[in-house]
Amino acid sequence: MGKLTKKQKAAAEKIEKGRVYSVEEASTLVKETSNTKFDASVDLAVRLGVDPRKANQMVRGVVTLPHGTGKDVRVLALVTPDKEQEAKDAGADFVGLDEYIDKIKNGWTDVDVIVTMPAVMGKIGPLGRVLGPRGLMPNPKTGTVTMDVAKAISDVKAGKIDFKVDRYGIVHASVGKTSFTADKIKENAEELLKTLVRMKPVAAKGTYVKSVFMSSTMGPGIPVDSKSV
């Protein structure tokens with residue numbers, strides 16, 4: 008690990024060793040420990056007691072954060088011509104089909120979310136090798152493959168995010184920006200945590216939420232009391 012800068016060291020010293028914080032306390036502290044010049048993201052890392060290698064313990068879903076993520080989400084709508092105007096009116100940043108499929112084949116992935124329709128998934132399927140590793144592949148489970156493209160786009164723009172446990176059993180998700188009030192960070196974090204708890208797999212045994220850490224971009228991790236989740 009590299010040497011901490013003076014700002015990083017000062018931020019880390021604000022976190023008491025051996026102490027775990029409530030979501031409310033962490034939401035205030037994460038603003039105080041942010042040391043970037045830009046509006047940093049506030050992230051949660053939640054370690055779950057699941058084995059993601061087993062299909063019946065996979066945790067994946069969506070949640071609509073009450074205050075959004077604070078990020079301008081770029082949405083690509085891969086739709087047939089009859090749905091293009093609907094997608095544009097809903098706020099999609101890029102709308103089309105074949106031309107964007109060609110761009111993606113050539114390496115273009117300058118978007119955050121892709122929304123599409125069941126009828127065109129056959130064309131999009133071969134793009135899995137490009138989109139999959141970047142978390143951009145549309146999926147019915149996350150509401151990004153639907154006939155109601157307008158609602159899907161509106162939901163994403165309003166703060167709907169998808170999450171998936173990684174191979175280490177950890178869910179990483181952004182719950183706002185350091186410019187948010189502490190109350191907004193708290194409410195967003197609680198909404199994500201409540202959603203994760205509701206999604207506990209039946210096959211998961213023992214402690215489900217093992218640890219929770221809140222941090223800002225380049226900021227120190229703040230341990231959150233997982234027992235309160």
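Each residue of the sequence shown is one higher than the last, beginning at 8 in the working numbering.
Glycine included, each C-beta is placed from N, C-alpha and C at the ideal position.
| Asked | Found |
| --- | --- |
| Contacts around Gly142, its chain only, beta-carbon distance under 7 Å, and the 5 residues preceding and following it disregarded | none |
| For Leu199 and Ile131, believed in contact at Cβ under 8 Å, the rounded distance | Incorrect: roughly 28 Å between the Cβ atoms, too far for contact. |
| Option in Val66, Ser41, Met128 and Met124 with minimal Cα separation from Val53 | Val66 |
| Contact check, Val172 vs Leu55, beta carbons under 7 Å | yes |
| 7 Å CB neighbourhood of Glu194 in its chain, flanking five on each side removed | Pro73 and His74 |
| Cβ shell of Ile160 (< 8 Å), same chain only, five flanking positions each side left out | Val82, Ala84, Ala94, Ala97, Gly98, Ala99 and Val122 |
| Same chain, Cβ closer than 6 Å to Ala210, neighbours up to 5 away in sequence not counted | Asn63 and Gln64 |
| Nearest-angstrom Cβ-Cβ length linking Ser34 and Ala196, presumed shorter than 8 Å | 6 Å |
| Beta-carbon spacing of Val57, Gly183 below 7 Å | no |
| Check whether Ile229 and Tyr107 have beta carbons under 7 Å apart | no |
| Coil, strand or helix - Tyr215 by DSSP | coil |
| CA nearest to the CA of Ala17, picked from Pro227, Ser235 and Ser186 | Pro227 |
| Met128, DSSP secondary structure in three states | helix |
| Alpha-carbon to alpha-carbon, Gly68 and Lys212 | 20 Å |
| Rounded separation between Pro145 and Asp46 - CA only | 29 Å |
| Cβ pair Ser235, Ser218 closer than 7 Å | no |
| Proximal residues to Lys61 (C-beta, below 6 Å), its chain only, five neighbours per side dropped | none |
| Asn42 to Lys13 span [Cα, whole Å] | 10 Å |
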